[in-house]
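Using this note's numbering, you'd call the opening residue of the sequence shown number 40 and step up by one each time.
Have a look at the structure below, then the notes.
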Amino acid sequence: ENGQHPDGQHPDGQAGNGHHGFGRVPRKEDARFIRGRGNYVDDIKLPGMLYGAILRSPHAHARLVSVDTTAAEAHPQVRAVITGETLTGLNLAWMPTLSNDVQAVLATDKVRYQGQEVAFVVAETHYAARDALELIDVDYEALPPVVDARKALDDDAPVIRDDVEGRTDNHIFDWEAGDAEHTDRVFGEAEVVVAQDVLYPRVHPAPLETCGIVADMDKVTGKLTVHTTTQAPHAHRTVYALVAGLPEHKIRVVSPDIGGGFGNKVGIYPGYVCAIVGSIVTGRPVKWIEDRSENLMTTSFARDYHMRGEIAATRDGRIRGLRVKVLADHGAFNGTAQPTKFPAGFFHVFTGSYDIEAAHCAVTGVYTNKAPGGVAYACSFRITEAAYLVERLVDVLAAELGADPAELRMRNLLRAEQFPYSTATGWEYDSGDYPRTLRTALDIAGYDELRAEQAGRRERGEGPLMGIGISFFTEAVGAGPRKHMDILGLGMADGAELRVHPTGKAVLRISVQTQGQGHETTFAQIVAHELGIPVDDVEVVHGDTDQTPFGLGTYGSRSTPVSGAATAVVARKVRERARIVAGAMLEASPEDLEWTPGRWAVRGDPSTGVTMQEIAMAAHGSLELPEGVEGHLDATTVYNPPNLTYPFGAYVAVVDVDPGTGKVTVRRFVAVDDCGVRINPMVVEGQVHGGLADGVGMALMQVMAFDEDGNHLGASFMDYLLPTAVECPSWELGETVTPSPHHPLGAKGVGESATVGSPAAIVNAVVDALRPYGVRHADMPLTPANVWRVVQGRPFRT
Ligand code: MCN
Ligand code: CUN
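Written as structure tokens, this is what we have:
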């Protein structure tokens, strides 16, 4: 069973013609996307609209002495110039971040990273706004920057955040999880301990569409409408309400089509606030769209985790303990996006997929003179870092023990009968059959033959160097239970509303927001599956706070686990209401009715049944309903997930490395994902393909580099490389299905799985290829230059 159902039918045969439920339904949204008919923020043009542009700091760290805007204001096309001083007057110069810190909207005292926002010009055209930026005269007094996180806590390090009174260092937080004492004891008794420094470099989600906004303050109605690139429209609205002091019902956040988010569009950026202020000041709509360099230099980056991991094990390869220390570079403002209680996100799932007695991690966050962010790029709240670290460490242990990495993993993986499993750091994994998934991946790859080929090549000294890398990951997605998780005090439950019109057509309203994941199709499939009506008869409304119920948005692969569950629940409410109506129609007691997809019928006599469409008409008609039963078939719900869902997967990469040039070619990549029940296997495979490409990008090509003055060295796609079909092999996918026991559909999230799981497989493969040089670890990105450097001066031994 590999999920191939080319006819679009659900494997259990429920789907009829015209797609009534789960299965490989083509994406509804693609019809407009492939015709160039998408409607993105930059496509929006409002009457009288003005254009904004941002003046940014050329320095990574400097005192702001003066900002002279006289010449810019005199530009004939300029309508407003806004500075930190203007905003101070409005009490808007600083805004709250998602981590309970503050961030400068426009600099007032200092600039703290290259590209930081200093002034905002509003003009009649985009070009005029850009031209006028050049007329602003800023006097900076350069300060020494902190670029290397490892030096941020030195005694002589310049203090970046002296805006906070009494602050004397660049320390943000210390956070730990697990049992330190127990872990130290296990390490003390261990037969084998291996330790490894591992860097997960600073990278960027780089969605194809950059961030932007059209802000429109209507002075007559007092209503602010913002069209913007956001993964979380409702959360943005509440934050704007709190920041600007406007009531929520006077703010409408609309998120039209979004050209990729990948966590880049979770937070609120200074440009958004400036555009809103610009509209308030001028009384006209203001559009601000950032360019590629602005996106790469200033918006939410990802990772930048300096990790040291240790594994304690027995001589025969039983892993007993894990100990981790992390230095987290958060940039100049602590703006990471994650549930409040978890300053290091979900990094404490670093025990991965293994049965480990004791584990402990300590994470220290520091400020540096770089852009803020850290949680983005399909990371599942730092599970990327955690999964990469443990999967690297397991390979280091395998090298130390002379063990096969597949066998070592098999030996330590959680077994099916151990679920639900409580980890040493406090997670409760819901379900899994890990050995089966790893075996499936090894079988597809032909692992034994690959190892034989590798041995033969090594023996014959036949180039290029061949490497085989494995990774096994477990994710925790679907944030989250209200009692454990909130963002800025907002609980993480999602609403859903379902209306069924008289003719049986349905409208679903949800709070999550697609950025390319196909929600308009897959959420319609959930309703179709529950009500037995065609997918085409269900319209999904999202991305507009005036039209959808409250919910926290799309990130951390939470849409299916939370809003997907809400959708199933609300559709079941409608189905139950339909049962009562059907009872009245059939003159039978509702308890005596039986559901077969699409119809309620008297038990044992399906021919008597009434269809959902007939029931809908009757529910809106003159049929007499039982005492106390309202007409119509509409329902609402709020879903508070009882736990996260824990998708997992086994990946095998095969690479060829040219030791002369350092070039790595990914020859094959096998990915077996288990995300529980798949609503649309084709969409899931698309998500996995994208994430695997991310893995190639991070493992081999991507890093946001800085020079020692804090100059950004990767502000265009010439330097910051995105993987293309040329660098990617033809992905080989498999699947296993272990339903989530607590999700109404048995589904788990999958949108970030492949990004989380794939980098380790590729790096493990490259290190495996370099084994003859005695290489045990090499940090990403494994660019030709970096690989070449790693092997220089090392003797080659087969
Ligand atoms: N799905 C399914 N069956 C499952 C699980 C998911 O059919 N068992 C489908 C869903 O119905 C949905 C898609 O797969 O259409 C992804 O679902 P889910 O795993 O719930 O993830 P989200 O929808 O919450 O998407 C968020 C996730 C994140 S956090 C990042 S980052 C990322 C990712 O999605 N950004 C993306 N994938 C992306 N894909 C595109 N094209 N663009 C982005 O910006
Ligand atoms: Cu960490 S990126 Mo996705 O959660 O939006």
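Note that CB positions come from ideal geometry on N, CA and C, so glycine has one too.
Out of the options, which has the shortest C-alpha to C-alpha gap to residue i?
{"i": "G404", "options": "A397, D343, F420", "result": "D343"}
{"i": "Q652", "options": "K544, S550, T584, G736", "result": "K544"}
{"i": "T705", "options": "D697, D202, D712", "result": "Here the sequence assigns Val to residue 705, which means Thr is not the residue at that position. Comparing Cα-Cα distances from V705 to each of D697, D202, D712, the minimum goes to D697."}
{"i": "F745", "options": "A754, L739, I297, R642", "result": "A754"}
{"i": "S339", "options": "I350, Q377, N451", "result": "Q377"}
{"i": "I175", "options": "I93, M134, Q142", "result": "I93"}
{"i": "S602", "options": "A692, V203, A786", "result": "A786"}
{"i": "V365", "options": "V293, E396, F212, A617", "result": "F212"}
{"i": "L428", "options": "G227, A800, A111, N825", "result": "A800"}
{"i": "S392", "options": "A607, P686, D208", "result": "P686"}
{"i": "Q586", "options": "R291, A113, V668", "result": "R291"}
{"i": "L489", "options": "K380, V694, G471, T125", "result": "V694"}
With a threshold of 16 other CB atoms inside 10 Å of the CB of residue i, please say whether the residue is buried or exposed.
{"i": "T12", "result": "Since the first residue shown for the chain is 40 and the last is 837, residue 12 is missing from the structure and cannot be characterised."}
{"i": "A455", "result": "exposed"}
{"i": "A181", "result": "exposed"}
{"i": "D713", "result": "buried"}
{"i": "E838", "result": "Since the first residue shown for the chain is 40 and the last is 837, residue 838 is missing from the structure and cannot be characterised."}
{"i": "T277", "result": "buried"}
{"i": "G736", "result": "buried"}
{"i": "L662", "result": "exposed"}
{"i": "H243", "result": "buried"}
{"i": "R71", "result": "exposed"}
To the nearest angstrom, how far is the alpha carbon of residue i from that of residue j?
{"i": "V577", "j": "A563", "result": "5 Å"}
{"i": "G251", "j": "P411", "result": "18 Å"}
{"i": "A623", "j": "Q552", "result": "38 Å"}
{"i": "E724", "j": "G715", "result": "13 Å"}
{"i": "G832", "j": "G701", "result": "14 Å"}
{"i": "Y308", "j": "T675", "result": "33 Å"}
{"i": "I297", "j": "V516", "result": "22 Å"}
{"i": "I619", "j": "T264", "result": "41 Å"}
{"i": "T650", "j": "A314", "result": "51 Å"}
{"i": "Q726", "j": "S550", "result": "20 Å"}
{"i": "Y90", "j": "S294", "result": "19 Å"}
{"i": "T561", "j": "D525", "result": "26 Å"}
{"i": "K190", "j": "R241", "result": "16 Å"}
{"i": "R359", "j": "V814", "result": "25 Å"}
{"i": "V435", "j": "R614", "result": "54 Å"}
{"i": "M134", "j": "A341", "result": "21 Å"}
{"i": "H671", "j": "L537", "result": "11 Å"}
{"i": "M721", "j": "V198", "result": "51 Å"}
{"i": "Y267", "j": "D255", "result": "What sits at residue 267 in the sequence shown is Thr, not Tyr. Roughly 11 Å separates the two Cα atoms."}
{"i": "W634", "j": "F385", "result": "41 Å"}
{"i": "Q457", "j": "V609", "result": "33 Å"}
Under a three-way DSSP split, which group does residue i fall into?
{"i": "Y406", "result": "coil"}
{"i": "E666", "result": "coil"}
{"i": "I507", "result": "strand"}
{"i": "V316", "result": "helix"}
{"i": "F386", "result": "helix"}
{"i": "V742", "result": "coil"}
{"i": "I73", "result": "coil"}
{"i": "V789", "result": "coil"}
{"i": "Y460", "result": "strand"}
{"i": "M346", "result": "strand"}
{"i": "A627", "result": "coil"}
{"i": "I862", "result": "This structure cannot settle anything about residue 862, because the visible part of the chain is limited to 40 through 837."}
{"i": "T704", "result": "strand"}
{"i": "L285", "result": "coil"}
{"i": "L94", "result": "strand"}
{"i": "H273", "result": "helix"}
{"i": "G62", "result": "coil"}
{"i": "E653", "result": "helix"}
{"i": "R359", "result": "strand"}
{"i": "R102", "result": "strand"}
Check whether the Cβ of residue i lies closer than 7 Å to any heavy atom of ligand 3, and answer yes or no.
{"i": "T676", "result": "By its list of ligands, the structure shown excludes ligand 3, since it contains just ligand 1 and ligand 2."}
Report the residue ranges of all alpha helix (DSSP H) runs contained in full by the segment 119-168; include only those spanning at least 4 residues, in chain order. 123-128
Any alpha helix (DSSP H) of 4 or more consecutive residues that is wholly inside the segment 192-271: Listed in chain order, the alpha helix (DSSP H) elements of length 4 or more contained wholly in the segment 192-271 are 219-228.
Going along the chain, which unbroken runs of the alpha helix (DSSP H) with 4 or more residues stay wholly within the segment 753-833? 792-808, 823-830
Could I get the ranges of all uninterrupted beta strand (DSSP E) runs contained in the segment 467-544, with 3 residues as the minimum, in chain order? 504-513, 533-539
Ignoring anything shorter than 4 residues, give me the alpha helix (DSSP H) runs that lie fully in the segment 542-577, in order along the chain. Correct list: 558-570.
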